[in-house]
Each structure stands twice: as C-alpha cells, then as structure tokens.
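Taking it in order: structure first as structure tokens, then the write-up.
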Amino acid sequence: MSRASVAERTKLSVLVARAMAGRLLGRVTTHPIVNWLFSFGKPDRLVIAPQDLRTTDATRASEIYAGRFVFAGKVVVCDARSPFEIAAPSEDWAAALFGFGWLRHLRAAQSTITRANARALVDEWITLNRWGDPIAWRPEVVARRVIAWLCQAPLLLEDADVEFYRRFMRSLARHLRHLRYSRPSDGVPRLQVTMALAYAALCMAGQQRNIRAASKRLSDELLRQILPDGGHISRNPGALIALLIDLLPLRTAFSARNLAPPQALLNAIDRMIPMLRFFRHGDGNFALFNGMGPTPTDLLTTILAYDDARGTPLANAPHSGYQRLESGGTLVLMDTGKAPALAVSQDAHAGCLAFELSTKQQRIVVNCGLPISGRASWRQVTRATAAHSTATLNDTSCCGFIESGLVKRMLDGVPMVGGPRSIEVTREEHSEPLQLQASHDGYGDLFNVIHHRTLNLSSDGQKLAGEDVFTPVKGENVPMGRDQFALRFHLHPSIKANRLADGHSAMLLMPNKEMWSFNAYEDRIDIEESVYLAGAEGPRRTAQIVIYGRARKVMRVQWSFALAPAGTAPAPARRDRSDEPQLPL
Numbered sequence: 007m008s009r010a011s012v013a014e015r016t017k018l019s020v021l022v023a024r025a026m027a028g029r030l031l032g033r034v035t036t037h038p039i040v041n042w043l044f045s046f047g048k049p050d051r052l053v054i055a056p057q058d059l060r061t062t063d064a065t066r067a068s069e070i071y072a073g074r075f076v077f078a079g080k081v082v083v084c085d086a087r088s089p090f091e092i093a094a095p096s097e098d099w100a101a102a103l104f105g106f107g108w109l110r111h112l113r114a115a116q117s118t119i120t121r122a123n124a125r126a127l128v129d130e131w132i133t134l135n136r137w138g139d140p141i142a143w144r145p146e147v148v149a150r151r152v153i154a155w156l157c158q159a160p161l162l163l164e165d166a167d168v169e170f171y172r173r174f175m176r177s178l179a180r181h182l183r184h185l186r187y188s189r190p191s192d193g194v195p196r197l198q199v200t201m202a203l204a205y206a207a208l209c210m211a212g213q214q215r216n217i218r219a220a221s222k223r224l225s226d227e228l229l230r231q232i233l234p235d236g237g238h239i240s241r242n243p244g245a246l247i248a249l250l251i252d253l254l255p256l257r258t259a260f261s262a263r264n265l266a267p268p269q270a271l272l273n274a275i276d277r278m279i280p281m282l283r284f285f286r287h288g289d290g291n292f293a294l295f296n297g298m299g300p301t302p303t304d305l306l307t308t309i310l311a312y313d314d315a316r317g318t319p320l321a322n323a324p325h326s327g328y329q330r331l332e333s334g335g336t337l338v339l340m341d342t343g344k345a346p347a348l349a350v351s352q353d354a355h356a357g358c359l360a361f362e363l364s365t366k367q368q369r370i371v372v373n374c375g376l377p378i379s380g381r382a383s384w385r386q387v388t389r390a391t392a393a394h395s396t397a398t399l400n401d402t403s404c405c406g407f408i409e410s411g412l413v414k415r416m417l418d419g420v421p422m423v424g425g426p427r428s429i430e431v432t433r434e435e436h437s438e439p440l441q442l443q444a445s446h447d448g449y450g451d452l453f454n455v456i457h458h459r460t461l462n463l464s465s466d467g468q469k470l471a472g473e474d475v476f477t478p479v480k481g482e483n484v485p486m487g488r489d490q491f492a493l494r495f496h497l498h499p500s501i502k503a504n505r506l507a508d509g510h511s512a513m514l515l516m517p518n519k520e521m522w523s524f525n526a527y528e529d530r531i532d533i534e535e536s537v538y539l540a541g542a543e544g545p546r547r548t549a550q551i552v553i554y555g556r557a558r559k560v561m562r563v564q565w566s567f568a569l570a571p572a573g574t575a576p577a578p579a580r581r582d583r584s585d586e587p588q589l590p591l
C-alpha cells in the first residue's frame, strides 16, 4: 500500500468494512431459520417471462443430461452425482454453475426430457439449499440465477406439479429477500442486482409497489454508472456488453406489463449502444483495455441488431477516457483516462496512453488482454503497464495495486491506486494528418518524468507516425539510474515480424500477405516474445517490438507504422538472443 494516499487508504478501509458487513448480513438472510420464518403464506405467481437474448446450443442439452458440465474452460463429469455437491475446479466454473444461465440450452432442445432434467436440477438446488456458500450466494451470482430462472420459467413450469411450483416460487422469494438486503460490490455487480430486482417485480403478480421502488433504484444506478458518452464507470469495454444483454429485455418487460420504461433506462441504452461501435475493430473484436478479454461476438451481434441509428462511432469519449482516430480503413484506439474510482477498479489496468492499431479486418498492435478461462493466474500480470502498448519506466507500472489478502477477499479482487492525476489530451481533426496528443504524470512522483505521446494518422490510413517524449517535472532533472524506459508495441499473433539488418526497422507480414513496416529511425529495436491472452482458443505466443533507452539521454523517440509498397520483400537480420532482456510478463 506504499503508493496509496491517505485518502485512498481511508476509502479502502470503508470499502472493506462495508464488504464485511454485507457478507455477514448475507449469511443471516440466507440462514435456514430466516428462510423458515418467511416460508409461511401464499407464494406469488409469475405473469410474464422475459426474453433471454443469449445464444443457445441444443447440443449442450445432451451434455448436461449426461452429467457433463463445461464452464469457463473446465469440464466436470458428475457420474450420477448432483453437480451442486461436487467440488468446483475454479471460482469461474462455480459462478457459471450457480448462475443457471445454462438452462437456456435445455430450453433450446425443446423436449419433454430436457424440461424434466431442468426441473430436476433446479429442484436439487432448492433441496440442497447450500446455505452460506461464498460463491453461490454472492449477490451478482444470485442476481444471475434470478434472471435465468425468470427467463426460463416456461421451461421449468410447463407441466410442473403444484408442489414444485410452490417450492420454486418460495425459493425465488428467498433469493429476492437476499438481494434486497445485500451489499454487492460497486459497478457491474450492483447494477446486475438492481436489474434482477426490477425483473422480478415485473414478472411477479401483485408487485406494483415493488415495481415503483425497483424502477427508482434502477434509474438512480444507471444515472450514476453510465457516463454521458455511454461508457461505464469501471472503464471496462466488456461491461457494456454484460449490461446491455439484460437491459434490452428489461426494457421490453416494462412494455409487456403496459408500463412506460424509466427514462433513465431508455437514455442509458441509447448512449451505450453507439459506444459499442467505438471500441470495435474492423474484425469485430473489442480493443483490449481495462479488463477486456475475448469479445463475445454472438452477444455483440445480437445487441447491435437493436441499433437503429447505425451511425459513425464517436471520435472522442472524454468521460470514459478514450480516443479514436480513423482514416482510410485504419483505426487507432487510445487509452487517455485516469484510473476509475477505487470501488470499481478491480479490473482496471495501468495502461495509460496505450493504443491499438488495426487496418481493415486485421489487427496489428494490441494489448495483452485477459483470457476466457484461468483469469485468476493472469489477472495481475496483464494489468501491469508492460502488458500494454505504451511506455514503461524502470519496469514499474504507472499505477499501484493493493494485493493484501484481506482486501482481495473482501472486494473480490485487487483494487488499483495511484496513477496519473493529470492527463492532457489535444486533437487536430481537421488537419493533415489527423493528430492526437496526450500526456500523463503517472511517473511524476516516482521518477520525476512526464510521458507525452503524439500520434499522426495519414488521410489514406497508410501511415501512423508516433512520437514519445519524456520530460522532467517542473524543469528538474530525471534521477540518475532511474530513467530507463521501454516502449512496447505488442503485436497480434497473426502478424509475423522480422527485424531488418539496420537494427532500426522491422517488416510485418499480414495474413493477407500485405506488408507493413515499423521504423524507429534513430533508435535500435528489439523483437521479443509476448503473449496474447484474448483469443477464443486461449493464450497464444506472439511478439512485441521494444525500444529501450534512458530518458536523460534520449528524451524523444520517433517511430512509425506504414504500409510497404507492393512487392516489398523483408531482409531479416540474424538475431542474437543472448543479450535480450527477459520478457517482463
């Protein structure tokens, strides 16, 4: 916690105390005695079932029927045992199982056997109870379970006997009591809980009072979490997909009950959908900033079908802290934002001034991203500045991370502290070339260095020229021995890179045989190993171009990516790895 300010330490203490109180309250509300006290009385009935926009796969139904559960890259075979009694191979696997989102695959099979199987599995969950399970009763997991049960109510309740209907409704009521008194983590988990309560109020009979309360709570949370440019307060692009896939059916559910959706809900959707296009490269994948992993292209395609405007994406998203340059089929996306609030920083990355570059449907420069499975072992590595296409000083990230065991357990992650306090951004959109200038002081207190980056994109999109400048704070000198920098350009794994004999350039071969060149002009480059984690097939080896130097001697580094003339053939240099620095990842 050495990089945390007094104010940040105080906020962190308050967050941990609230999380501990919330977990204690959660154990009380899920206790069997409390459940028994509220078990009397007539349970409510369902009047509508909301639509589930997530894609389905009927072949998964046969796997589930055979007791084979595949979640988060892990496979568990039950062998005639209940899946809810088996030790989970990972937290992500357990969260997926207890979230019951897989019920949609059983519904897709459309058979009597799968309906009976779905009822049996839900009944097993209700019977086993699993009181106090730290994952099963995590508020966001309970919210996912409630939404899944409501969406798949036709599957579960068709041909069901009266006793199962009553058990199902009483269990649902118990879940809702838990959510009303829970204290979920800020950000996406809190909004998911709010949406689940709104769904339940709309789907159950006799909930007029709860509908008003849920609508008010939903509106307040959307106004607070969705920024004016459509981004989310966590700065994670993936949060938009995770939220919109439930917000769109929720809007429809209001209409199904002959109620006008809250204006805050309509406004939030209208702002969020264009932001999806902002982060999207030509190949359909999202830029890898602040916790983004593999793009769920099926969900993204479904959500974009609701975009009636289909306009040109924003170029400037100042509230979310991102910039976009686009010309001639070439796209540059850049992170120019401060660290998010401490309470929603568990997935935030120390990647200030990192950029991604793509041309048409081919990505060239990327960040490492997060994998679809095994995130726990990679999360902290990929949050470091070295995992991004930007400058690192003295192998140190521009932000700090609080890795205390207690904090990590209570906040379900490692918060980020420190980081840039001042980020200046200037755009020249009517010039030739398009120009973006930005600077940050994340290394100001540590090393007395301000990092400036300028990007110039030609009007035909065939050249991106860049310049990185390291200046001392307040005119003072950069400390001797504390001025080593590394400029990193992580390449997409489909790019084959060869350093040229001059030591200052490299040729980049695209999958379509198109050739681009990288030129560092006066500075020597190295091509080192890197890792690309955001592929659908898992982590992949890739390369990174690195420029090393000392800020006291080389304060300015100029470089460029340019489309090479047709017929250009690379002349690779012989490589000597004996003196290459070790991969910082």
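For what it's worth, my numbering labels the leading residue of the sequence shown as 7, then goes sequentially. By construction, the Cβ of each residue, glycine as well, lies at the ideal position given by its N, Cα and C atoms. Quick caveat, the model's predicted, so the values are computed rather than measured.
The three-state reading of DSSP puts His457 in strand, counting E and B together. Sequence-distant Cβ neighbours of Ile533 in its own chain, meaning closer than 7 Å and more than five residues away, are Ala503, Arg505, Ala512, Ala549, Ile551. Taking one beta carbon from each stretch, the region 379-390 and the region 332-349 have fewer than 3 pairs nearer than 8 Å; the two do not touch. For Asn525, the beta-bridge partners assigned by DSSP are Ser511, Ser566. Following the DSSP letters along the chain, one finds Leu493 in no alpha helix (DSSP H) but inside the beta strand (DSSP E) bounded by residues 490-497. In the same chain as Gln443, and ignoring 5 residues on each side of it, the C-beta atoms closer than 6 Å to its own belong to Thr432, Thr460, in chain order. A residue is called buried when at least 16 other Cβ atoms come within 10 angstroms of its Cβ; His436 does not meet this threshold and is exposed. Here the alpha carbon of His287 sits roughly 27 Å from the alpha carbon of Gln198.
For Val199, the three-state secondary structure derived from DSSP is helix. DSSP lists Glu434, Asn462 as the bridge partner or partners of Gln441. Between Pro160 and the set Arg125, Ser188, Gly357, the nearest pair of CA atoms involves Arg125.
In the three-state reduction of the DSSP assignment, Glu543 falls in the coil class, being assigned neither a helical nor a strand state. Within the same chain, and ignoring the five residues on either side of Leu254 in sequence, the residues whose Cβ sits closer than 8 Å to its Cβ are Leu59, Ile275, Ile309, Tyr312. For Pro478, DSSP records a beta bridge to Val455.
DSSP places Ile119 in the uninterrupted alpha helix (DSSP H) bounded by 118-134. The Cβ atoms of Gly299 and Ala354 do not sit closer than 8 Å to each other.
With fewer than 16 other beta carbons inside 10 angstroms of its own, Met486 counts as exposed. Residue Cys209 holds the alpha-carbon nearest to the alpha-carbon of Thr258 among Gln214, Cys209, Phe495. For Thr308, the three-state secondary structure derived from DSSP is helix.
Relative to the Cα of Arg562, the nearest Cα in the group Ile553, Leu569, Gly419 belongs to Ile553. DSSP, reduced to helix, strand and coil, places Tyr187 within a helical segment of the structure shown.
Per DSSP, Ile378 lies in no beta strand (DSSP E) segment and is marked neither H nor E.
In the structure shown, Asp314 adopts coil according to DSSP, grouped into three states. Around the beta carbon of Arg530, a 10 Å sphere encloses fewer than 16 other beta carbons of the protein chains shown; the residue is thus reported as exposed. Excluding residues up to 5 positions away in sequence, Ser333, Glu438 lie with their Cβ nearer than 6 Å to the Cβ of Ser465 in the same chain. Proximity of the region 261-275 to the region 357-376 falls short of the contact definition, fewer than three beta-carbon pairs being nearer than 8 Å. Contact annotation: the region 149-158 touches the region 99-116, with at least three C-beta pairs closer than 8 Å. For the region 316-347, the full-length beta strand (DSSP E) segments reaching 3 residues or more read 328-333, 336-341 along the chain. Residue burial is scored here from C-beta neighbours: Ile247 has at least 16 other C-beta atoms within 10 angstroms and is therefore classed as buried. Annotation: Val76 is outside any alpha helix (DSSP H); the continuous beta strand (DSSP E) that includes it extends over 74-77. Residue state for Gln550 is assigned as strand, using DSSP reduced to three classes.
For Ser225 against Val194, the beta-carbon gap comes to about 17 Å, at or over 8 Å, which does not count as contact. Comparing C-alpha distances from Phe491 to each of Gly509, Asn400, Ser383 shows the shortest one belongs to Asn400.
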